[in-house]
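Asks: Residue numbers (UniProt numbering): 1 to 273. The C-beta atom is built at its ideal place from N, Cα and C for all residues, glycine as well. Owing to the predicted nature of the structure, the values given are computational and were not obtained by experimental measurement.
(1) By the three-class DSSP mapping on this structure, what secondary structure does residue 156 have?
(2) For residue 246, report the span of its beta strand (DSSP E) as first-last.
(3) As a quick exercise: from 183, 194, 124 and 146, pick the residue whose alpha carbon is nearest that of residue 164.
(4) Would you kindly check if the distance between the Cβ of residue 205 and the Cβ of residue 193 is under 8 Å?
(5) Along the chain, where does the alpha helix (DSSP H) containing residue 217 start, and where does it finish?
(6) Output the boundary residues of the beta strand (DSSP E) element that contains residue 229.
(7) Taking the C-alpha atoms as reference points, what is the distance between residue 233 and residue 266?
(8) Assign residue 269 to one of two classes, buried (16 or more other C-beta atoms within 10 Å of its C-beta) or exposed (fewer than that).
(9) With contact counted as at least three CB pairs below 8 Å, one residue from each stretch, are the stretch 154 to 173 and the stretch 135 to 142 in contact?
(10) Please specify which runs of the alpha helix (DSSP H), each continuous and at least 4 residues long, are wholly inside the stretch 97 to 132, giving them in chain order.
(11) Where does residue 179 fall in DSSP's three states?
(12) Using the Cα positions of residue 143 and residue 126, report the straight-line distance between them to the nearest angstrom.
(13) Pick from 39, 41, 111 and 184: whose alpha carbon is nearest that of residue 217?
(14) Based on the DSSP output, what are the partners of residue 203 in its beta bridges?
(15) In terms of alpha-carbon separation, which member of 209, 130 and 214 lies closest to residue 160?
(16) If you reduce the DSSP assignment to three classes, tell me which class residue 239 lands in.
(17) Going by DSSP, name the residue or residues bridged to residue 174.
(18) In three-state DSSP terms, what is residue 148?
(19) Check each candidate in 247, 209 and 198 and name the one with the smallest Cα separation from residue 224.
(20) Going by the DSSP bridge assignment, what does residue 194 pair with across the sheet?
(21) Keeping to the same chain, check which residues put their C-beta closer than 7 Å to that of residue 114; ignore five residues upstream and five downstream.
(22) Please name the residue, chosen from 219, 210 and 187, that lies closest to residue 157 on a Cα-to-Cα basis.
Here it is as structure tokens:
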């Protein structure tokens with residue numbers, strides 16, 4: 001009986017000697033040499049796809065999404081309570097009377113049809129949100145089930161309000177914020193700081209500033225101490241008119257295993273909570 005040869009790459013047979021010669025040849029070939037020009041081209045492509053970042057680039061990116069917060073309510077201007085670190089930003093050193101007068105929030109909302117969101121509003125709110133988020137370069141496409149989970153009001157978790165047209169009963173606007181409490185350490189008088197964080201807001205029948213002023217009114221009625229917002233989406237247009245102040249807190253989004261170029265805050269339609 002003859003000796004069985006080794007299978008070749010093409011599917012045929014080769015002798016044992018031919019196989020040994022091929023193995024020696026493969027060992028001697030070594031890795032393919034990449035030129036300096038090719039290496040530079042590859043690095044340039046990687047940088048364009050944002051797969052590699054230098055320390056300097058990371059520091060620049062970390063400054064792109066900034067938290068803004070309202071100045072404090074009377075609890076937070078208590079001279080015995082230093083909340084600069086709690087809020088992540090400087091607090092203006094004014095008296096309670098000065099702060100209350102300058103930053104007074106209306107006692108009632110001003111937008112006709114403004115009311116708390118209900119579960120029956122979910123289909124219309126989902127449509128509004130989807131149409132609005134298409135404008136941004138980075139956003140999540142929420143379906144009705146997800147809108148119900150994230151935005152239907154839950155006490156102490158999330159608050160959401162809609163504007164309903166008094167004639168057509170169509171939902172034209174929506175604003176929302178989630179709740180986050182912090183423990184105040186080392187103070188006998190104050191134990192908790194209750195904060196609201198702007199979530200998703202869509203204004204079509206009124207300005208975003210008017211809509212968010214109504215949100216501030218409701219946050220005050222819910223006895224929240226401070227209202228914070230990121231400068232993402234269209235939030236920048238209402239921050240200064242509503243007397244928000246820039247804080248030192250900065251947020252950087254990292255998308256694991258996604259290719260995402262740098263973008264300005266107003267191109268980001270995603271809020272993490």
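Replies: From the atom records:
(1) Translated into the one-based positions of the chain shown, residue 156 becomes position 156. Looking at residue 156 - three-state DSSP - the assignment turns out to be coil, as it is neither helix nor strand.
(2) Here residue 246 refers to the residue found at position 246 of the chain shown. First-last of the beta strand (DSSP E) with residue 246: 244 to 251.
(3) Numbered from its first residue, the chain shown carries residue 164 at position 164. Residue 124 is the option with its Cα nearest to residue 164.
(4) Numbered from its first residue, the chain shown carries residue 193 at position 193. Numbered from its first residue, the chain shown carries residue 205 at position 205. The answer is no: Cβ separation not under 8 Å.
(5) Translated into positions along the chain shown, residue 217 becomes position 217. Note, residue 217: alpha helix (DSSP H), 208 to 221.
(6) The sequence position of residue 229 within the chain shown is 229, counting from 1. First-last of the beta strand (DSSP E) with residue 229: 226 to 230.
(7) Here residue 233 corresponds to residue number 233 of the chain shown, with the count starting at 1. Here residue 266 corresponds to residue number 266 of the chain shown, with the count starting at 1. Distance between the alpha carbons of residue 233 and residue 266 is about 4 Å.
(8) Counted from its first residue, the chain shown places residue 269 at position 269. With 16 or more Cβ atoms within 10 Å of its Cβ, residue 269 is classed as buried.
(9) no
(10) none
(11) For this step, residue 179 is matched to residue 179 along the chain shown. Here residue 179 sits in strand by DSSP.
(12) Start at 1 with the first residue of the chain shown, and residue 143 comes out as number 143. Start at 1 with the first residue of the chain shown, and residue 126 comes out as number 126. Answer to the nearest angstrom: the Cα atoms are 6 Å apart.
(13) Counted from its first residue, the chain shown places residue 217 at position 217. Checking every option, the nearest Cα to that of residue 217 belongs to 111.
(14) Position 203 of the chain shown, counting from 1, holds the residue named residue 203. BP columns for residue 203 are empty, so no partner.
(15) Here residue 160 is taken as the residue at index 160 of the chain shown, counted from 1. Taking only the C-alpha atoms, the option nearest residue 160 is 214.
(16) For the purposes of this step, residue 239 is taken as residue 239 along the chain shown, with counting starting at 1. Correct three-state label for residue 239: helix.
(17) The residue given as residue 174 occupies position 174 in the chain shown. Its beta-bridge partners are 162 and 202.
(18) Working through the chain shown from its first residue, we reach residue 148 at position 148. Correct three-state label for residue 148: helix.
(19) For this step, residue 224 is matched to residue 224 along the chain shown. Nearest C-alpha to residue 224: 198.
(20) Residue mapping note: residue 194 aligns to position 194 of the chain shown, counting from 1. DSSP lists 181 as partners of residue 194.
(21) For the purposes of this step, residue 114 is taken as the residue at position 114 of the chain shown. Excluding residues within five positions, the ones whose Cβ falls inside 7 Å are 161, 163 and 214.
(22) Taking the first residue of the chain shown as 1, we reach residue 157 at position 157. Among 219, 210 and 187, the Cα nearest to that of residue 157 is on 219.
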